[in-house]
Amino acid sequence: MKKIIEKIKHPTRRQFLAAFFVVVAILGIIRYFVQRAHSLEDAPMAQTAQKYNRIRGVRNYKSEFPDSQSVQIVAAQKWGVRPVKNREDAEHRKKELVYIGESPYYHVDRLSSSIPYLVPRAALMLQDIGEAFYDSLYAKGIPLHQLIVTSVLRSMDDVAKLQRHNPNATEQSCHLYGTTVDICYNRYQPLTREVRNDTLKWVLSEVLRDKRNEGRCYIKYEVKQGCFHMTVR
């Protein structure tokens, strides 16, 4: 009995290695069953991924979003505020406008020729578009991206400055009324993994087509400006 106890207290090198390999084998078996359990848990997710909605886009951007300045200005004058003269004038008009500088659904670009305010009706339209864009990305299995707003409310001074180098900036700009917003289609703000802009543009075009068909807004596809120019209805 005394010899057995001594062997336990002072194992030989062979006994130590044997015990070591037994422990390694047990850990290997445990790891195998753990990995197998995880793979079985992930199997339903893989099956679900195959059920994501297809990305279809629209037939033609120009024909789907043809609403010109002459169409949008009527809605802008109907639903908008009286045009602001300059930034100082805009500061006194904030009771008529909603600040849209921060939102989980979209990112406002650094603005040099406009300020981040819209009339409540237009602010709600933008919010709904951003939310619908998120929903569509999720339904199609695409990582979430924020839309990027590039132009919002402009003062008369802003329009005058833009006319010097932008022929689309007319004196009767819809942006003067706080009803109009530009969303670019060639840049997006990734929240997780970045995705090709073309893919996101197709998804955005579907969302905007639906909102336009619902009678929520007028939309013009701007080629040179790289944006969807839209006015609330």
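Sequential numbering from 2 applies to the sequence shown in the working numbering.
Built from N, CA and C at the ideal position, the CB exists for glycine as well.
Under the three-state DSSP convention, the category S156 falls into: If DSSP states are grouped into helix, strand and coil, S156 belongs with coil.
Provide the residue(s) that pair with V150 in DSSP beta bridges, ordered along the chain. V109 and I184
Looking only at its chain, what residues have a beta carbon closer than 6 Å to the beta carbon of V109, apart from the 5 residues adjacent to it on each side? G102, P117 and V150
List the endpoints of the continuous beta strand (DSSP E) containing I116. Per DSSP, I116 belongs to no beta strand (DSSP E) and is neither H nor E.
Grab me the residues of D90's own chain with a C-beta within less than 8 Å of its C-beta, minus the 5 sequence neighbours each way, in chain order. S156
Three-state secondary structure (DSSP) at V204? helix
For K86, which option in Y186, V160, D199 and L192 has the closest C-alpha, if you only look at C-alpha atoms? V160
For S152, the nearest candidate out of Y186, F134, A133 and S137 (CA to CA): Y186
Closest to G58 by CA distance: which of V99, R234 and V204 is it? The candidate whose alpha carbon is nearest that of G58 is V204.
The beta strand (DSSP E) spanning E223 covers which residue range? Where E223 is concerned, the enclosing beta strand (DSSP E) stretches over C218 to E223.
Let's see if you can read the secondary structure: which residues bound the alpha helix (DSSP H) around V233? First-last for V233: C228 to V233, but that is the beta strand (DSSP E), not the alpha helix (DSSP H).
Please tell me whether V72 and Y222 are closer than 8 Å, where the distance is taken between their beta carbons. Going by C-beta atoms, V72 is not nearer than 8 Å to Y222.
So, is E172 buried or exposed, given that buried needs 16 or more other C-beta atoms within 10 angstroms? exposed
Measuring CB to CB, does Y107 end up less than 8 Å from G131? yes
Between which two residues does the alpha helix (DSSP H) carrying V120 extend? That residue, V120, is in no alpha helix (DSSP H); it is neither H nor E in DSSP.
With F134 and L119 assumed to form a contact (beta carbons below 8 Å), what rounded beta-carbon distance in angstroms separates them? Contact doesn't hold; Cβ gap of about 17 Å is too wide.
Taking 7 Å as the limit between beta carbons, can you name the residues of its chain near Q190, skipping five residues before and five after? H108, H146, Q147 and I149
Going by beta carbon distance, what residues of the same chain come within less than 8 Å of T180, once the five residues before and after it are set aside? A76, A77, W80, G81, L119, V120, R122, A123, T232 and V233
Do T193 and P144 have their C-beta atoms closer together than 8 Å? yes
Using CA atoms only, rank isn't needed, just tell me which of S206, E195 and S114 is closest to R165. Comparing Cα positions, the closest option is S114.
Could you check if E92 is buried or exposed, using at least 16 other CB atoms within 10 Å of its CB as the buried criterion? exposed
Can you list, in chain order, the residues of its chain whose CB lies under 6 Å from that of S206, leaving out five sequence neighbours each side? G58 and V59
Among the candidates R188, D136, I184 and Y53, whose CA atom is the shortest distance from the CA of L127? I184
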